[in-house]
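Participant:
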(Lines of atoms letter the chains of each structure in order from A and count residues from 1; the text may use other names and numbers.)
(Lines give C-alpha, C1' and ligand atoms only; values in the text may rest on other atoms or scores of the structure.)
Protein backbone atom coordinates (compact mmCIF):
# COMPACT_ATOMS: atom_id res chain seq x y z
CA UNK A 1 0.00 0.00 0.00
CA UNK A 2 1.23 3.49 -0.83
CA UNK A 3 1.85 5.97 1.92
CA UNK A 4 0.62 9.50 1.37
CA UNK A 5 3.63 11.84 1.16
CA UNK A 6 4.10 14.77 3.48
CA UNK A 7 3.04 17.85 1.55
CA UNK A 8 2.62 21.32 3.07
CA UNK A 9 -1.07 22.28 3.46
CA UNK A 10 -2.37 24.32 0.54
CA UNK A 11 0.26 23.06 -1.92
CA UNK A 12 -0.92 23.08 -5.53
CA UNK A 13 -1.59 19.67 -7.02
CA UNK A 14 1.03 18.72 -9.61
CA UNK A 15 -1.69 17.51 -12.03
CA UNK A 16 -2.61 21.09 -12.91
CA UNK A 17 -6.24 20.91 -11.78
CA UNK A 18 -5.95 24.20 -9.89
CA UNK A 19 -6.91 22.47 -6.62
CA UNK A 20 -4.60 21.96 -3.70
CA UNK A 21 -2.94 18.56 -3.49
CA UNK A 22 -4.96 17.26 -0.52
CA UNK A 23 -8.28 18.09 -2.24
CA UNK A 24 -7.15 16.55 -5.52
CA UNK A 25 -4.68 13.71 -6.14
CA UNK A 26 -3.48 13.55 -2.53
CA UNK A 27 -6.72 11.92 -1.45
CA UNK A 28 -6.03 8.98 -3.78
CA UNK A 29 -2.38 8.57 -2.73
CA UNK A 30 -2.97 7.11 0.72
CA UNK A 31 -5.39 5.30 2.93
CA UNK A 32 -7.76 2.44 2.20
CA UNK A 33 -9.59 4.30 -0.57
CA UNK A 34 -6.43 5.04 -2.55
CA UNK A 35 -7.59 2.98 -5.53
CA UNK A 36 -10.99 4.64 -5.68
CA UNK A 37 -10.41 7.46 -8.16
CA UNK A 38 -13.93 7.99 -9.59
CA UNK A 39 -12.96 8.35 -13.27
CA UNK A 40 -10.18 7.31 -15.61
CA UNK A 41 -9.14 10.97 -15.88
CA UNK A 42 -8.89 11.29 -12.09
CA UNK A 43 -6.75 8.14 -11.99
CA UNK A 44 -4.53 9.40 -14.82
CA UNK A 45 -4.04 12.73 -13.04
CA UNK A 46 -3.24 10.93 -9.78
CA UNK A 47 -0.70 8.73 -11.59
CA UNK A 48 1.01 11.82 -13.03
CA UNK A 49 1.13 13.33 -9.53
CA UNK A 50 2.56 10.01 -8.27
CA UNK A 51 5.38 10.30 -10.82
CA UNK A 52 6.05 13.85 -9.60
CA UNK A 53 6.03 12.75 -5.93
CA UNK A 54 8.00 9.52 -6.51
CA UNK A 55 5.18 7.20 -5.40
CA UNK A 56 6.21 4.03 -7.20
CA UNK A 57 4.03 1.74 -5.08
CA UNK A 58 0.94 3.79 -5.99
CA UNK A 59 1.82 3.53 -9.68
CA UNK A 60 2.21 -0.21 -9.39
CA UNK A 61 -1.03 -0.57 -7.40
CA UNK A 62 -2.98 1.32 -10.07
CA UNK A 63 -1.57 -0.67 -13.02
CA UNK A 64 -3.92 -3.40 -14.21
CA UNK A 65 -2.74 -6.72 -12.67
CA UNK A 66 -2.38 -8.30 -16.15
CA UNK A 67 0.01 -5.52 -17.27
CA UNK A 68 1.66 -4.57 -13.97
CA UNK A 69 5.47 -4.59 -13.97
CA UNK A 70 7.17 -6.93 -11.51
CA UNK A 71 9.07 -4.10 -9.81
CA UNK A 72 8.15 -0.63 -8.67
CA UNK A 73 9.20 1.89 -11.34
CA UNK A 74 12.51 3.60 -10.67
CA UNK A 75 12.71 7.37 -10.78
CA UNK A 76 15.58 9.11 -12.54
CA UNK A 77 17.49 11.41 -10.17
CA UNK A 78 17.35 14.92 -11.60
CA UNK A 79 14.16 14.36 -13.61
CA UNK A 80 11.82 17.30 -13.08
CA UNK A 81 8.16 17.15 -14.10
CA UNK A 82 6.96 20.50 -15.46
CA UNK A 83 3.28 20.06 -16.17
CA UNK A 84 0.36 18.03 -17.42
CA UNK A 85 -2.24 18.86 -20.05
CA UNK A 86 -5.23 16.55 -20.39
CA UNK A 87 -6.37 16.83 -23.99
CA UNK A 88 -9.40 14.53 -23.83
CA UNK A 89 -11.16 11.92 -21.71
CA UNK A 90 -13.40 9.52 -23.65
CA UNK A 91 -15.59 6.82 -22.18
CA UNK A 92 -15.28 3.91 -24.64
CA UNK A 93 -17.52 1.44 -22.82
CA UNK A 94 -19.31 0.91 -19.52
CA UNK A 95 -16.02 0.13 -17.76
CA UNK A 96 -13.46 1.42 -20.25
CA UNK A 97 -12.03 4.84 -21.03
CA UNK A 98 -9.15 6.59 -22.76
CA UNK A 99 -7.29 9.69 -21.66
CA UNK A 100 -5.05 11.62 -24.04
CA UNK A 101 -2.48 13.81 -22.33
CA UNK A 102 0.81 15.63 -22.70
CA UNK A 103 3.27 15.50 -19.80
CA UNK A 104 6.28 17.78 -19.90
CA UNK A 105 9.56 17.15 -18.08
CA UNK A 106 13.17 18.23 -18.00
CA UNK A 107 16.15 15.94 -17.61
CA UNK A 108 19.84 16.67 -18.08
CA UNK A 109 19.07 20.20 -19.23
CA UNK A 110 16.79 18.98 -22.03
CA UNK A 111 13.03 19.41 -22.24
CA UNK A 112 10.94 16.32 -22.95
CA UNK A 113 7.31 15.87 -23.91
CA UNK A 114 5.29 12.66 -23.56
CA UNK A 115 2.09 12.68 -25.64
CA UNK A 116 0.11 9.52 -24.95
CA UNK A 117 -3.37 8.09 -25.23
CA UNK A 118 -3.77 5.80 -22.21
CA UNK A 119 -6.34 3.05 -21.83
CA UNK A 120 -8.10 2.37 -18.53
CA UNK A 121 -10.46 -0.31 -17.31
CA UNK A 122 -12.73 -0.41 -14.25
CA UNK A 123 -12.99 -3.70 -12.36
CA UNK A 124 -14.99 -4.16 -9.15
CA UNK A 125 -15.43 -0.38 -9.02
CA UNK A 126 -11.71 0.45 -9.32
CA UNK A 127 -10.04 2.10 -12.30
CA UNK A 128 -6.71 0.70 -13.51
CA UNK A 129 -4.18 1.88 -16.08
CA UNK A 130 -3.86 -0.79 -18.80
CA UNK A 131 -1.48 0.61 -21.43
CA UNK A 132 -1.04 3.49 -23.83
CA UNK A 133 0.00 4.58 -27.27
CA UNK A 134 2.72 7.22 -27.48
CA UNK A 135 2.11 9.74 -30.25
CA UNK A 136 5.09 10.28 -32.51
CA UNK A 137 6.69 13.66 -32.32
CA UNK A 138 6.38 13.60 -28.53
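Residue numbers (the working numbering): 718 to 855. Where is the CB? At the ideal position from N, CA and C, for every residue including glycine.
Using the three-state DSSP reduction, which class does residue 849 fall into: helix, strand or coil?
Facilitator: Strand at residue 849.
Participant: Pick helix, strand or coil for residue 792, following the three-state DSSP scheme.
Facilitator: Coil.
Participant: Using 8 Å for Cβ pairs, my map puts residue 790 next to residue 799. What's the rounded Cβ distance?
Facilitator: About 19 Å separates the two Cβ atoms, so there is no contact after all.
Participant: Measure the C-alpha to C-alpha separation of residue 833 and residue 725 and round it to an integer number of angstroms.
Facilitator: Each residue's Cα considered, the two are about 31 Å apart.
Participant: Do residue 802 and residue 733 have their beta-carbon atoms positioned less than 9 Å apart in this structure?
Facilitator: In contact: residue 733 and residue 802 (Cβ atoms closer than 9 Å).
Participant: Helix, strand or coil: which one does DSSP assign to residue 776?
Facilitator: Note: residue 776 maps to helix in three-state DSSP.
Participant: Looking at the unbroken alpha helix (DSSP H) that takes in residue 759, where does it start and where does it end?
Facilitator: 757-770 is the extent of the alpha helix (DSSP H) around residue 759.
Participant: Going by C-alpha to C-alpha distance, which of 837, 853, 852 and 851 sits closest to residue 782?
Facilitator: Nearest of 837, 853, 852 and 851 to residue 782, Cα basis: 837.
Participant: Give me the residue from 780, 743, 774 and 756 with the minimum Cα distance to residue 766.
Facilitator: If we check each option's Cα against that of residue 766, 743 comes out closest.
Participant: Going by other Cβ atoms of all chains shown within 10 Å of its Cβ, with 16 needed for buried, is residue 787 buried or exposed?
Facilitator: Label assigned to residue 787: exposed.
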